[in-house]
Every structure is written in structure tokens, then in C-alpha cells.
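Asker: This is the structure I have questions about; it appears just below.
2 protein chains.
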Amino acid sequence: MTAVAPRWNRLEHDERRSQILTHARRLFSERHFGAVSTAEIARAAGVARGLIHHYFGTKRDLYLEALQTMVSMPLQPVPAELDGRDPEQLLAEGVDRWLEMLSRNRETWIAARGAQGFGRDSDVESILEDARENAVDEVIAAMRPGEEPAAAPPEFRALVRAYAGLAEATSLEWLQHGRLTREQARALLYEGFIAVFRQVLIAVEAAGVAAPPQKAIPA
Amino acid sequence: MTAVAPRWNRLEHDERRSQILTHARRLFSERHFGAVSTAEIARAAGVARGLIHHYFGTKRDLYLEALQTMVSMPLQPVPAELDGRDPEQLLAEGVDRWLEMLSRNRETWIAARGAQGFGRDSDVESILEDARENAVDEVIAAMRPGEEPAAAPPEFRALVRAYAGLAEATSLEWLQHGRLTREQARALLYEGFIAVFRQVLIAVEAAGVAAPPQKAIPA
DNA sequence: CCGGTTATTGGCACAACGCCAACAAGCACG
DNA sequence: CGTGCTTGTTGGCGTTGTGCCAATAACCGG
Chain A
1 MTAVAPRWNR
11 LEHDERRSQI
21 LTHARRLFSE
31 RHFGAVSTAE
41 IARAAGVARG
51 LIHHYFGTKR
61 DLYLEALQTM
71 VSMPLQPVPA
81 ELDGRDPEQL
91 LAEGVDRWLE
101 MLSRNRETWI
111 AARGAQGFGR
121 DSDVESILED
131 ARENAVDEVI
141 AAMRPGEEPA
151 AAPPEFRALV
161 RAYAGLAEAT
171 SLEWLQHGRL
181 TREQARALLY
191 EGFIAVFRQV
201 LIAVEAAGVA
211 APPQKAIPA
Chain B
220 MTAVAPRWNR
230 LEHDERRSQI
240 LTHARRLFSE
250 RHFGAVSTAE
260 IARAAGVARG
270 LIHHYFGTKR
280 DLYLEALQTM
290 VSMPLQPVPA
300 ELDGRDPEQL
310 LAEGVDRWLE
320 MLSRNRETWI
330 AARGAQGFGR
340 DSDVESILED
350 ARENAVDEVI
360 AAMRPGEEPA
370 AAPPEFRALV
380 RAYAGLAEAT
390 SLEWLQHGRL
400 TREQARALLY
410 EGFIAVFRQV
420 LIAVEAAGVA
430 APPQKAIPA
């Protein structure tokens, strides 16, 4: 009868770590950085506050890691087997997968898009930038099967990125503002893609040869 | 010779206020919220720290007001007299004005775009949302002279917003990544606009009548 | 059963924020 | 030219939250 219930249970390193990370991700999604205290995260995870710093260092580090997992998770719709099929059919399916993913992870996606204010935050910027580059790579890989995405010309990458901007705004108009039905969002994404890569691409390439690359503006 | 130099000079209410606001805007643009202390803002403005709270309340309030002035200032390129002239000519001029504004306020615009992390911040969201709505209104007013912008159908607003997303991404590809020359950015913005409002609009409207408005998704 | 490893805790120290009462700069009036 | 009043401005105090560290105890291997 000496079996005394332990005051706390001891978890494996990664297990406890991901547990804290899960709660942190949820809280940081609901409110902005300053409105979430480490004490609250600790309470939600059922651990002492000090443990958070033991695993993640500073509160900001935890935030950045949560952001990292947030943006790298839901942004990759499963690419289907797209061998040698009709391109327009593939596009239509890709748009549908995107819309489907959105309607399933609505809250997550909106939160991941982020709504902080302004200011240069190089850490946050690089995380988001990497995520966007990966997304662009996926699109390029789907458009040019067999070729290396990194080998695509810069203005082509830029064009994909521009379309991504259009897609992001379109998705938000559907999900948040309700100014588009799902059908309309689909049409906009589908036709927008065709328009951008059918005619706009030609114009951009023409502008590229007409006026040879002027000096790149430094970041 | 009893003229003693005063230890500090007394400014008018709005004058001191805008002075603090200027320095706060600069600092918040360079670094993220947490990396800027009220003490630093006070030091930069040459005032006591307490004065900041006297004028703006909390640090967050100051931040929000700085953001407010930031997004409402540089985003409005001066609309020229666009009476009954050639639409395509007007578009070309509008694009040039936009590019010109960008190259002049490069740092400001990039900072105002924000290096957001994630999380829902209703205050920040509404400020940014208002700014975007105003920008959309300006574009609609330019496209439909004499009509009330608010009277435009929702899917039209959404389309303008989608184009704005494309324009934002395009601008960043030029300014920050240098993957587009200015000429290419101009071509992309110009042709993209035509493509979106020539053919995509038709498809979106068709999708609207084909599938009548389903229930709006609440914010 | 017992000693070692290490996950976990609780509390201390420090920095930053919010607030408030006292002070003084400049103006109006005598 | 002095004097009192208005209010812009200051300095410091209390509180909150973060970062860190030494002590503790849960679990595993011998």
C-alpha cells in the first residue's frame, strides 16, 4: 500500500516538447504575441513555467518555432500522380485540392497568414520567406515535371509568386469576407492562373529582353 | 543676467505628440514590437518615458497609432485628372505612378507591409483591413468614374482585392528580391490588370449566376 | 532494492511597463 | 514687471512577466 501517486509524470524529451508546442501554437494563433503569457502556456500544457524556458529558451524562440511548424504544415496539398495528363485538368484538380484544404483548415490557415502589424523582423521574415519559396517550388515542379525548380528563370519564379499573392487574397475573400462563393473562388483561381501564365508571362519576358537586367536592387 | 536656461522646453500638445509619434514610427519600422522599449522611444524623442504614456496610454496603443498613420500615408498615389481619356493609357499611367511611389518610399512601404508572424490581432487586423478597403475603393473609383464605390458588387470588390494581392507580391519581387526589373514589374502589373478584368471577371460572374450565392461564411 | 540520470519544479533577480503626484515653463492678467 | 494659473513634463514607485538556476523527484538499469 506504499504505492504513492507521483506528483507529476515524467515524459520523454520530444514528447513533452511537442506537447508544449501544441498548446503554444493554439494560444499564439488565437491571440497576438503580447497577449499570451508563458504562464498561460504552461498552465494549458499542465507544466511549470520554467519548463518552457528549459525546452525552448526564450518566449520568442518558442513563438518562432511555433510559427515554423505552423507555416510548414498545412500549405502543402498532396500532389497527385500527375504523369502525362491534360494540363488544364491538372490545374482544375490542383485548384480543387487547394480549396478543399482551405475549407478543412480554415482557422489554421487564417492564423498562419498572420495579422501582426509592421516592422522588420528578420527571423519571422526568413521563416515566412522560406515557406513561400517552398510553395513556389512545388508549383514550379508541378508545372515543369522533371526539371529542377531552382533552375527556373527568376522572372518565372516572380510570376509564380505574383500568382500566389493573387491566390492568397482570393482565398481570404472567400474564407473571411464571403464576397466570393466557393464556385467564384475556383473560377478566379483557375482563370487567373491561365491568364497569368498564358499572356502575362509573354509580356514579362518581352520586357526582360527589351530592357536588359538593370542592376539588382539589394535587399 | 538671471536668465536661466530652462531645463526643458514646453511644446504644444499636438506638436509633442506628433514628435513622439515620428520617432516611434521609425523605431517600430526598423525592429519588431518587442525589440523596441518605451525607454528607447523616449530617449530618441528626448523626453521622459512617462510622457509617452501620458500621450498615448499604453505602449501597444502607441504602436497601433503608429501603424495607423503608417498604412494610411503612403498608399495613395495621387490620382490624376482622368476625365474621358483612353482607359489603357490611364492604366499605364496608374502603374507608373505606383512604381514611382514605390521607388521613392521603398523602406517605408516594405516596413508598412509588415513582417507579420501569426495570431489573430483584431485591432491590427481592422487597421490593415480599413487601409486595404480604402485602396480598393480608390481603384474602383478610378475604374467607374461617377459611381459610388460601395455600390460595386461584392465579387467585383473581391477581384480588385485579388489583383491587389498580385500587385503586392509583384512589387516585393521587384523591390526586395530583384527577380524582376522595373520594366518587367510594369509589364506584369499592366498585363495582369488587363487579364484579370478582361477575362477572369467574366468567368467569376458566370460562376456567380451558375451557382447562386450560398450562405456567406461568417468572419 | 538502490544509485544514477535527467526531466521537472519552485523561487529569485532583473527588466520593462503603467501610473501618479510633484514640479516648472510659459502665458495672461494686474 | 511681478504674480498666479494652467498644464506640459518629469522622476520614481509598484506591479507584472520573463529568464535563469539550484534543488527535487520520477523513472531506469544494475
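So the protein lines, in turn, are chains A and B. The numbering of the first sequence is my numbering, which starts it at 1 and goes up by one. The numbering of the second sequence is my numbering, which starts it at 220 and goes up by one. Think of the CB as a built atom: it goes at the ideal place given N, C-alpha and C, for glycine as much as any other residue.
Report yes or no: do the segment 171-187 of chain A and the segment 146-157 of chain A share at least 3 C-beta pairs separated by less than 8 Å?
Answerer: In short, these stretches do not touch, since the Cβ pair count stays below three.
Asker: Between Thr257 of chain B and chain A, is there a C-beta pair that is closer than 7 Å?
Answerer: Here residue 257 of chain B corresponds to residue number 38 of the second sequence, with the count starting at 1. Not one chain A Cβ lies under 7 Å of Thr257 of chain B.
Asker: Once the 5 residues before and after Ala225 of chain A are set aside, which same chain residues still bring their CB inside 8 Å of it?
Answerer: Since the first residue of chain A shown is 1 and the last is 219, residue 225 of chain A is not available in this structure.
Asker: Rounded to the nearest angstrom, how far is the Cβ of Ala158 of chain A from that of Glu392 of chain B, given a contact under 8 Å?
Answerer: The residue given as residue 158 of chain A occupies position 158 in the first sequence. The residue given as residue 392 of chain B occupies position 173 in the second sequence. Sure, about 4 Å apart at Cβ, within 8 Å.
Asker: What number of angstroms, rounded off, separates the C-alpha of Leu239 of chain B from the C-alpha of Pro306 of chain B?
Answerer: Translated into the one-based positions of the second sequence, residue 239 of chain B becomes position 20. Translated into the one-based positions of the second sequence, residue 306 of chain B becomes position 87. Checking the sequence, you will find Ile at residue 239 of chain B rather than Leu. Straight-line Cα distance between these residues: approximately 44 Å.
Asker: What would DSSP say about Thr58 of chain A, mapped onto helix, strand or coil?
Answerer: Reading the first sequence from its first residue, position 58 is the one you call residue 58 of chain A. In this structure, Thr58 of chain A counts as coil in the three-state DSSP scheme.
Asker: Tell me whether the segment 338-346 of chain B and the segment 279-289 of chain B touch, counting them as touching only if at least three CB pairs, one residue from each stretch, are closer than 8 Å.
Answerer: A contact exists between the segment 338-346 of chain B and the segment 279-289 of chain B.
Asker: To the nearest angstrom, how far is it from the Cα of Ala425 of chain B to the Cα of Thr181 of chain A?
Answerer: For the purposes of this step, residue 425 of chain B is taken as residue 206 along the second sequence, with counting starting at 1. For the purposes of this step, residue 181 of chain A is taken as residue 181 along the first sequence, with counting starting at 1. Cα-Cα distance, rounded: 12 Å.
Asker: Ignore the nearest five residues each way along the sequence and tell me which others in Gly427 of chain B's own chain have a CB closer than 8 Å to its CB.
Answerer: On the second sequence, position 208 is the one that residue 427 of chain B refers to. For Gly427 of chain B, where only same-chain residues beyond five positions count, the Cβ hits under 8 Å are Glu374.
Asker: If the cut-off is 9 Å on Cβ atoms, which residues from the segment 115-127 of chain A count as contacting chain B, listed in chain order?
Answerer: Cβ contacts with chain B come from Ala115, Gln116, Gly117, Phe118, Gly119, Arg120, Asp121, Ser122, Asp123, Val124, Glu125 and Ile127.
Asker: Taking the alpha-carbon of Ala111 of chain A as reference, which of B:Ser341, B:Ala330, B:Tyr382 and B:Arg323 has the nearest alpha-carbon?
Answerer: Locating residue 111 of chain A in the first sequence gives position 111, counting from the first residue. Among B:Ser341, B:Ala330, B:Tyr382 and B:Arg323, the Cα nearest to that of Ala111 of chain A is on B:Ser341.
Asker: What is the DSSP secondary structure of Phe118 of chain A, counted as helix, strand or coil?
Answerer: As a first step, residue 118 of chain A is located in the first sequence; it is residue number 118 there, counting from the start. If DSSP states are grouped into helix, strand and coil, Phe118 of chain A belongs with coil.
Asker: Output the distance between the C-alpha atoms of Thr277 of chain B and Asp233 of chain B, rounded to the nearest integer angstrom.
Answerer: Sequence index remark: in the second sequence, residue 277 of chain B carries index 58 (1-based). Sequence index remark: in the second sequence, residue 233 of chain B carries index 14 (1-based). Spanning the two alpha carbons is a distance of roughly 18 Å.
Asker: Could you compute how far the alpha carbon of Glu32 of chain A sits from the alpha carbon of Gln116 of chain A?
Answerer: To locate residue 32 of chain A, count along the first sequence from 1; it is residue 32. To locate residue 116 of chain A, count along the first sequence from 1; it is residue 116. First, the residue type needs correcting, since residue 32 of chain A is His and not Glu in the sequence shown. So the alpha carbons of these two residues sit roughly 7 Å apart.
Asker: How would you call Glu230 of chain B, buried or exposed, if buried means at least 16 neighbouring beta carbons within 10 angstroms?
Answerer: Taking the first residue of the second sequence as 1, we reach residue 230 of chain B at position 11. The sequence given here places Leu at residue 230 of chain B; Glu does not occur at that position. With fewer than 16 other Cβ atoms within 10 Å, it is exposed.
Asker: Quick one: what's got a C-beta closer than 7 Å to Leu201 of chain A's C-beta in the same chain, skipping five residues either side?
Answerer: For the purposes of this step, residue 201 of chain A is taken as the residue at position 201 of the first sequence. Cβ within range, chain order: Leu159.
Asker: Find out if the Cβ-Cβ distance for the pair Leu394 of chain B, Arg325 of chain B is shorter than 7 Å.
Answerer: On the second sequence, residue 394 of chain B is found 175 positions in, with the first residue counted as 1. On the second sequence, residue 325 of chain B is found 106 positions in, with the first residue counted as 1. Yes; because the gap between Cβ atoms is below 7 Å, this pair is in contact.
Asker: Residues of chain A with CB closer than 7 Å to the CB of Gln418 of chain B, please, in chain order.
Answerer: What you label residue 418 of chain B is simply residue 199 of the second sequence in a count that begins at 1. Those are Glu191 and Ala195, listed as they occur along chain A.
Asker: Could you check how far apart the C-beta atoms of Ala164 of chain A and Ala135 of chain A are, in whole angstroms? I think they sit under 8 Å.
Answerer: In the first sequence, residue 164 of chain A corresponds to position 164, counting from 1. In the first sequence, residue 135 of chain A corresponds to position 135, counting from 1. At roughly 6 Å, the Cβ-Cβ gap stays under 8 Å, so Ala164 of chain A and Ala135 of chain A are in contact.
Asker: Rounded to whole angstroms, what is the Cα-Cα separation between Leu64 of chain A and Phe28 of chain A?
Answerer: Position 64 of the first sequence holds residue 64 of chain A. Position 28 of the first sequence holds residue 28 of chain A. The straight-line gap from Cα to Cα measures roughly 10 Å.
Asker: I'd like the span of the alpha helix (DSSP H) that includes Leu391 of chain B, first residue to last.
Answerer: Counted from its first residue, the second sequence places residue 391 of chain B at position 172. That run of the alpha helix (DSSP H) goes Pro373 to Leu391.
Asker: Looking at the structure shown, is Pro149 of chain A part of a helix, part of a strand, or coil, going by DSSP?
Answerer: Along the first sequence, one-based indexing puts residue 149 of chain A at 149. The answer is helix: DSSP assigns Pro149 of chain A an H, G or I state.
Asker: Can you list, in chain order, the residues of its chain whose CB lies under 8 Å from that of Glu40 of chain A, leaving out five sequence neighbours each side?
Answerer: The residue labelled residue 40 of chain A in the question sits at position 40 within the first sequence. Within the same chain, Glu40 of chain A has close Cβ partners Leu27.
Asker: Ignore the nearest five residues each way along the sequence and tell me which others in Ser171 of chain A's own chain have a CB closer than 6 Å to its CB.
Answerer: Position 171 of the first sequence, counted from the first residue, corresponds to residue 171 of chain A. Cβ neighbours of Ser171 of chain A beyond the five flanking positions: Leu102.
Asker: Do you know offhand how far Gly338 of chain B's Cα is from Ala162 of chain A's?
Answerer: For this step, residue 338 of chain B is matched to residue 119 along the second sequence. For this step, residue 162 of chain A is matched to residue 162 along the first sequence. Distance between the alpha carbons of Gly338 of chain B and Ala162 of chain A: 24 Å.
Asker: Going by beta-carbon coordinates alone, are Gln418 of chain B and Ala195 of chain A separated by less than 7 Å?
Answerer: The residue you call residue 418 of chain B lines up with position 199 of the second sequence. The residue you call residue 195 of chain A lines up with position 195 of the first sequence. Taking 7 Å as the Cβ cut-off, Gln418 of chain B and Ala195 of chain A qualify as a contacting pair.
Asker: Given Val204 of chain A, which residues of its chain have a CB within under 7 Å of its CB, disregarding the five upstream and five downstream residues?
Answerer: Counting from one through the first sequence, the residue named residue 204 of chain A turns up at place 204. Correct list, in chain order: Glu155 and Leu159.
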